[in-house]
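J.:
Numbering (full-length UniProt numbering), first residue to last: 1 to 411.
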């Protein structure tokens, strides 16, 4: 009874924390180029100017609303400090902070003391301006972790796939499914390496480190568009999303196969193999193709590495569905194992041995069903300077890149 209660409790915890996990599922690796940031800034300027023109009357004696090159300032009450939220279109701003201006008693914006420009305080926003060597080291360490991890996993997977394919006595439905899963892991690792080369070899976020607030204010026009320059980037991001999705769906296939063996009396391996193949490769191809088509039509930015609002759900909802289904299969199998252990040991007093057997079975099944994906569900993505974010990212980079090695040990 106690083991079954634990299983049900895990289910409630999972469902209760699921939504907090979804938001950061895919879009945690955004990289912004200088051209993209400038275009976002100019769009905000146009929107601000339209809003000012549409305002019928400006209160007499108040400081006038205006665009200062970064922020759209509202009317200012004479003799008061005016604050506005740090704009979300500035990618590397601290969006929790505020920018400040002072409206003097004459109804004009207070000028800076050392020049003829208007005074403004962006210290809470411009967190990217001061150098941050410690954060650079954190990113470099994360890069080393997943590069080494995926490289080792890629090599070991190649060996495992060759062995399973070479020896005919190992040819069976179970090992065919393992081979498909291994190939999806390999393609995911390769796509990550390719994406890194494509995204970080051009003019990425590092160029923004040399910008100051005054540099941003002086931008008046967008750089010339060169869409062919970003074709490789779009292809790299699309393939990365596809192979990431196939990873989740082949883990789901592993769970479906094991669940079918346990709960279906007459189970034809050959009959269901083609269906499993369609689930593992076909379903991700469908929703990633839809995402790419919609993205190209409605949000064809220079590169597709940045989130495009609600379009991310086209990819995230199917991946979330795979995680949910697999976790429910996991709970159901653990429930059956707990029931069988209780029936086998009926009349015995040593319940600790039952729990040890159940724990051992659970630990074996966890990597197979991708249960480790829910470890940080209750922890939303935090700012990159926060310790929780660093703990989460180190865990994910280490576990995801080395995951396949642990998975192979459970085979």
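Ideal placement from N, C-alpha and C gives every residue a C-beta, glycine not left out.
1) If the criterion is Cβ atoms closer than 8 Å, does the pair residue 322 and residue 257 meet it?
2) Which same chain residues, not among the five before or five after residue 161, have their C-beta less than 7 Å away from its C-beta?
3) Applying the 10 Å Cβ sphere with the 16-neighbour rule, what's the burial state of residue 76?
4) What's the call for residue 158, buried or exposed, on a 16-neighbour Cβ count within 10 Å?
5) Would you report the Cα separation of residue 148 and residue 337, rounded to the nearest angstrom?
6) Here's the rule I'm using: 16 or more other beta-carbon atoms within 10 Å means buried, otherwise exposed. How should residue 245 be labelled?
7) For residue 284, does the count of other Cβ atoms within 10 angstroms reach 16, so buried, or fall short, so exposed?
8) Residues in the same chain with beta-carbon distance under 6 Å from residue 112, minus the five sequence neighbours each way, listed in chain order, please.
9) If I measure Cβ to Cβ from residue 290 and keep anything under 7 Å in the same chain, skipping five residues before and after, which residues do I get?
10) Under the rule that 16 or more other beta-carbon atoms within 10 Å means buried, what is residue 255, buried or exposed?
11) For residue 187, which of 68, 243, 288 and 109 has the nearest alpha-carbon?
12) Spatial neighbours of residue 391 within its chain, please: CB distance less than 7 Å, with the 5 preceding and 5 following residues excluded, ordered by chain position.
13) Quick check on this structure: which residue in 296, 324, 50 and 282 has the alpha carbon closest to the alpha carbon of residue 237?
14) From the DSSP output, read off the bridge partner residues of residue 114.
15) At what residues does the beta strand (DSSP E) containing residue 126 begin and finish?
16) Between 232, 145 and 329, which lies nearest to residue 263 when the distance is taken from Cα to Cα?
17) Under DSSP, the beta strand (DSSP E) around residue 98 begins and ends at which residues?
18) The alpha helix (DSSP H) that contains residue 85, what's its start and end?
19) I'd like the list of long-range same chain contacts for residue 152, defined as Cβ closer than 6 Å, with 5 residues on each side in sequence excluded.
20) Whose C-alpha, out of 78, 199, 43 and 90, is nearest the C-alpha of residue 61?
21) For residue 332, does the three-state DSSP call read helix, strand or coil?
22) Compare the beta carbon distance of residue 311 and residue 299 with 8 Å and say whether it is the shorter of the two.
23) Residue range of the alpha helix (DSSP H) that residue 76 falls in?
24) Looking only at C-alpha atoms, which of 198, 100 and 74 sits nearest to residue 305?
25) Residues in its own chain within less than 6 Å of residue 74 by CB, not counting five upstream and five downstream?
26) If you follow the alpha helix (DSSP H) that residue 188 is in, where does it begin and where does it stop?
27) Between 233, 86 and 109, which has its C-alpha nearest residue 98's C-alpha?
28) Should residue 54 be labelled buried (16 or more other beta-carbon atoms within 10 Å of its own) or exposed?
29) How many Å lie between residue 302 and residue 91 at the Cα?
30) Take residue 102 as the anchor and find which of 114, 172 and 83 has the nearest alpha-carbon.
31) Anyone know if the C-beta pair for residue 125 and residue 93 falls short of 8 Å?
32) Might you give, ordered along the chain, the residues of its own chain that have their beta carbon closer than 8 Å to the beta carbon of residue 89, omitting 5 neighbours on each side?
33) Return yes when the Cβ of residue 320 is within less than 8 Å of the Cβ of residue 279, no when it is not.
34) Are there 16 or more other CB atoms within 10 angstroms of the CB of residue 154, so buried, or fewer, so exposed?
35) Quick one: Cα of residue 59 to Cα of residue 117, how far?
T.: This is what the structure holds:
1) If you number the chain shown from 1, residue 322 lands on position 322. If you number the chain shown from 1, residue 257 lands on position 257. The answer is no: Cβ separation not under 8 Å.
2) Position 161 of the chain shown, counted from the start, is the residue given in the question as residue 161. Here the set comprises 179, 182 and 183.
3) For the purposes of this step, residue 76 is identified with residue 76 of the chain shown, where counting begins at 1. Answer is buried; the Cβ neighbour count reaches 16.
4) Walking along the chain shown from the start, residue 158 turns up at place 158. By the 10 Å Cβ count, residue 158 comes out exposed.
5) For the purposes of this step, residue 148 is identified with residue 148 of the chain shown, where counting begins at 1. For the purposes of this step, residue 337 is identified with residue 337 of the chain shown, where counting begins at 1. Approximately 37 Å between the Cα atoms of the pair.
6) Locating residue 245 in the chain shown gives position 245, counting from the first residue. With 16 or more Cβ atoms within 10 Å of its Cβ, residue 245 is classed as buried.
7) In the chain shown, residue 284 corresponds to position 284, counting from 1. Result: buried.
8) In the chain shown, the residue the question calls residue 112 occupies position 112. Counting only Cβ-Cβ distances below 6 Å, and skipping sequence neighbours, we find 119.
9) The residue you call residue 290 lines up with position 290 of the chain shown. Same-chain partners within the cutoff: 314.
10) The count along the chain shown starts at 1 and reaches residue 255 at position 255. Counting Cβ neighbours within 10 Å, residue 255 comes out buried, since at least 16 surround it.
11) On the chain shown, position 187 is the one that residue 187 refers to. Of the listed residues, the one whose Cα sits closest to residue 187 is 243.
12) Taking the first residue of the chain shown as 1, we reach residue 391 at position 391. Here the set comprises nothing.
13) Residue mapping note: residue 237 aligns to position 237 of the chain shown, counting from 1. With distances taken between Cα atoms, residue 237 lies closest to 296.
14) Walking along the chain shown from the start, residue 114 turns up at place 114. Residue 114 pairs with nothing; no bridge assigned.
15) Translated into the one-based positions of the chain shown, residue 126 becomes position 126. Unbroken run through residue 126: none, as it is neither H nor E.
16) Position 263 of the chain shown, counting from 1, holds the residue named residue 263. Nearest option by C-alpha distance: 329.
17) Here residue 98 refers to the residue found at position 98 of the chain shown. Note, residue 98: beta strand (DSSP E), 98-103.
18) Position 85 of the chain shown holds residue 85. Counting along the chain, residue 85 falls outside any alpha helix (DSSP H), though it belongs to the beta strand (DSSP E) covering 80-85.
19) By one-based count along the chain shown, residue 152 stands at place 152. Excluding residues within five positions, none has a Cβ falling inside 6 Å.
20) Against the chain shown, residue 61 aligns to sequence position 61. Residue 61 has its Cα closest to that of 78, out of 78, 199, 43 and 90.
21) Counted from its first residue, the chain shown places residue 332 at position 332. Reduced to three states, the DSSP call for residue 332 is helix.
22) Counting from one through the chain shown, the residue named residue 311 turns up at place 311. Counting from one through the chain shown, the residue named residue 299 turns up at place 299. Yes; because the gap between Cβ atoms is below 8 Å, this pair is in contact.
23) The count along the chain shown starts at 1 and reaches residue 76 at position 76. Where residue 76 is concerned, there is no enclosing alpha helix (DSSP H), given that its DSSP letter is neither H nor E.
24) Within the chain shown, residue 305 is the residue found at index 305, counting from 1. The shortest Cα separation from residue 305 among 198, 100 and 74 belongs to 198.
25) To locate residue 74, count along the chain shown from 1; it is residue 74. 65, listed in sequence order.
26) As a position in the chain shown, residue 188 is number 188, starting the count at 1. Here the alpha helix (DSSP H) through residue 188 covers 173-200.
27) Indexing the chain shown from 1 puts residue 98 at position 98. When only C-alpha atoms are compared, the closest one is 86.
28) For the purposes of this step, residue 54 is taken as the residue at position 54 of the chain shown. That one is exposed.
29) Along the chain shown, read from residue 1 onward, the residue named residue 302 stands at position 302. Along the chain shown, read from residue 1 onward, the residue named residue 91 stands at position 91. Approximately 15 Å, taken between the alpha carbons.
30) Against the chain shown, residue 102 aligns to sequence position 102. Comparing Cα positions, the closest option is 83.
31) Here residue 125 refers to the residue found at position 125 when the chain shown is read from its first residue. Here residue 93 refers to the residue found at position 93 when the chain shown is read from its first residue. It is a contact, given that the beta carbons lie within the stated cut-off.
32) As a working note, residue 89 is residue 89 in the chain shown. Closer than 8 Å at the Cβ level, and outside the excluded window around residue 89, lie 40, 41, 43 and 44.
33) The sequence position of residue 279 within the chain shown is 279, counting from 1. The sequence position of residue 320 within the chain shown is 320, counting from 1. The answer is no: Cβ separation not under 8 Å.
34) Numbered from its first residue, the chain shown carries residue 154 at position 154. Under this definition residue 154 is a buried residue.
35) If you number the chain shown from 1, residue 59 lands on position 59. If you number the chain shown from 1, residue 117 lands on position 117. One C-alpha to the other measures close to 23 Å.
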